[in-house]
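Below is one structure, written out as structure tokens; the observations come after it.
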Ligand code: AGP
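This is the structure:
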């Protein structure tokens, strides 16, 4: 996600900011920029690309000045271009700011400003915020008041650092939903998204709370709410392990990303669920809505974990929209000279948006006249740019090689897509409402599972020395079995196989003995009794059974050696919740085996080669 750095003090501001941005690179970004006040003017340097590209721009200009702000942008609104990079200047040229978060009512604010003749140079919600503050500053001629008044009308999340050309000795930082830390140095102040950009200057920090601002003026500061109530936020010592801070206190990025899922799933559905109407809003599909409606067939192509979410999507779209869906490994599809009809819709799912096989498969289908869509995480990635339309999953950067939060958000987007298509064909408003309302409860249900992680860790420690695992599921849970097996093998190096539970008797049952842990996704649904029979078959051969089960299911306790409960949800959405314990199981086994969890051997985060 985005990174913010602001500095006011006696050091050369440009180098402090650029070095601070380097500390925040781990958060993932696609463009960077700085704004400095030099001799009463703004000097703004920004570019799509890396902090090192920005550093060349800054060094070349030999920027002077003692107050400035900087930003690394993880694109949410608008591709990663120079124009969309932060900092953003308002139309009056007085206000400049950097922002982390999503302004949910930016379109309303933009329309209001445009009506007064304001023109915009970027596609970002951030520029709208800068202009909104600028429009109020024009009236009140008071920097701090303008910031407070503007933010009291803003909906959504922000962490911002703001400067005003008329007040070169001031810097303001405000937080709502996107963390901001104020570092208190020796006659210097540094603002940053997290302490990793501050610790080299000072260990005295204040963690701002939601709707709290820090107003730095000269060599003093005050913290207050945006409603002008002074706050006496505590000054804290910051821990020194930089590495730890970058991981937000978690031991590995993978664990951090597993725990981000309540928030990232919320970000995937936010602003898109029209639960009251029993529908969804997927603005990115507007240009191809009619083509989707006319599709006789949908093909979904992807690799790895994204291919597993595609398999879940097949069930969801066929059940809710009654359109035939075919799921294809991208690497197979691209070389098979596939039969493609002009009214086909092909969806590419990719977290990175750069997977070579998936990109090639999409190009092959485009070549043959299909409409191609993307379900992608990285804004501005090649797949996002080459598809006719798409839906971003807004999961923020996924650093761990093992994909976790991307999977759950991909399935969330696929569920919304199934409703979107279904409601154009025959899905009733009532049915759609049920699913949409259940989607809204998923983040808290994910959190409930995370709150019981210790139990999963205990099980992991008991089975960390197994040489093989079998993962079994039926229906919508079969792809979850595949995903669980992939998670385990790619980070622990233990061989694991996912299989449709009913297929066991056609071969894999020969593997069952007392040394083989078998993970069943055995949640309550209309084929629950069948999975119970499969569990009996494994037990009869002394296999060890670890069951993912629905809260309240007591029957499973009499059959499984270990039961990991997940909250009840609509059976269509079970894969989202069932994946969480499997992510944690593989994580804890891998840690117990002292593997390189975030960078497992032989693997890359994005396979951009064939
Ligand atoms: C999953 O944990 C792996 N990292 C890998 O299978 C990954 O899902 C696959 O390479 C596809 O990547 P993409 O989603 O970025 O296209």
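In the numbering used here, the protein residues as written are 207 to 816.
C-beta: ideal position from N, C-alpha, C; glycine also.
All of these numbers come straight from a predicted model, not from anything done at the bench.
Checklist entry - My guess is that residue 297 and residue 324 are in contact by the Cβ rule of under 8 Å, so how many angstroms apart are they, rounded? => result 5 Å
Checklist entry - Can the beta-carbon of residue 578 be found less than 9 Å from the beta-carbon of residue 783? => result no
Item to check | Bounding residues of the beta strand (DSSP E) (the contiguous stretch that carries residue 382) | outcome: 376-382
Next on the checklist: For the alpha helix (DSSP H) containing residue 765, name the first residue and the last one.
Outcome noted: No alpha helix (DSSP H) holds residue 765; DSSP gives it neither H nor E.
Checklist entry - Among 759, 377, 615, 777, which residue has its Cα nearest to the Cα of residue 770? => result 759
Checklist entry - residue 626 and residue 491: beta carbons closer than 9 Å? => result In this structure, residue 626 lies near residue 491, with their beta-carbon atoms less than 9 Å apart.
Checklist entry - What number of angstroms, rounded off, separates the C-alpha of residue 726 from the C-alpha of residue 306? => result Approximately 41 Å, taken between the alpha carbons.
Item to check | Where residue 590 falls, given that 16 or more other Cβ within 10 Å makes a residue buried | outcome: buried
Checklist entry - On the three-state DSSP scale, how would you describe residue 226? => result Residue state, collapsed to three classes: helix.
Checklist entry - Would you report the Cα separation of residue 265 and residue 332, rounded to the nearest angstrom? => result For residue 265 and residue 332, the distance between alpha carbons rounds to 26 Å.
Checklist entry - Per DSSP, residue 701 is paired with what? => result 674
Next on the checklist: Is the separation between the beta-carbon of residue 486 and that of residue 504 shorter than 9 Å?
Outcome noted: no
Checklist entry - alpha helix (DSSP H) containing residue 459: first to last residue? => result 459-465
Item to check | alpha helix (DSSP H) segments (min. 4 residues) lying fully within the region 261-338 | outcome: Listed in chain order, they are 312-321.
Next on the checklist: Quick check on DSSP: helix, strand or coil for residue 600?
Outcome noted: coil
Next on the checklist: Between which residues of its own chain and residue 390 is the CB-CB distance below 8 Å, once the five residues before and five after are set aside?
Outcome noted: 408, 410, 411, 412, 427, 441
Checklist entry - Is the number of C-beta pairs between the region 743-752 and the region 421-439 that are closer than 8 Å three or more? => result no
Next on the checklist: If the criterion is Cβ atoms closer than 9 Å, does the pair residue 210 and residue 366 meet it?
Outcome noted: yes
Item to check | Start and end residues, alpha helix (DSSP H) containing residue 433 | outcome: Where residue 433 is concerned, there is no enclosing alpha helix (DSSP H), given that its DSSP letter is neither H nor E.
Next on the checklist: Is residue 662 close to the ligand AGP? I mean its beta-carbon at under 8 Å from any heavy atom of the ligand.
Outcome noted: no
Item to check | For residue 559 and residue 766, the rounded distance between their alpha carbons | outcome: 40 Å
Next on the checklist: Using CA atoms only, rank isn't needed, just tell me which of 536, 463, 570 is closest to residue 547.
Outcome noted: 570
Checklist entry - Of the residues 773, 580, 612, which one's Cα is nearest the Cα of residue 657? => result When only C-alpha atoms are compared, the closest one is 773.
Checklist entry - Going by the CB atoms, is the gap between residue 580 and residue 593 shorter than 9 Å? => result yes
Next on the checklist: Could you compute how far the alpha carbon of residue 692 sits from the alpha carbon of residue 464?
Outcome noted: 16 Å
Next on the checklist: Let me confirm a value: residue 557 is counted as buried when at least 16 other C-beta atoms fall within 10 Å, else exposed. Which label applies?
Outcome noted: Classification for residue 557: buried.
Next on the checklist: the ligand AGP and residue 464: does any heavy atom of the ligand fall closer than 8 Å to the residue's C-beta?
Outcome noted: no
Item to check | Secondary structure of residue 373, DSSP reduced to three states | outcome: Coil, per DSSP.
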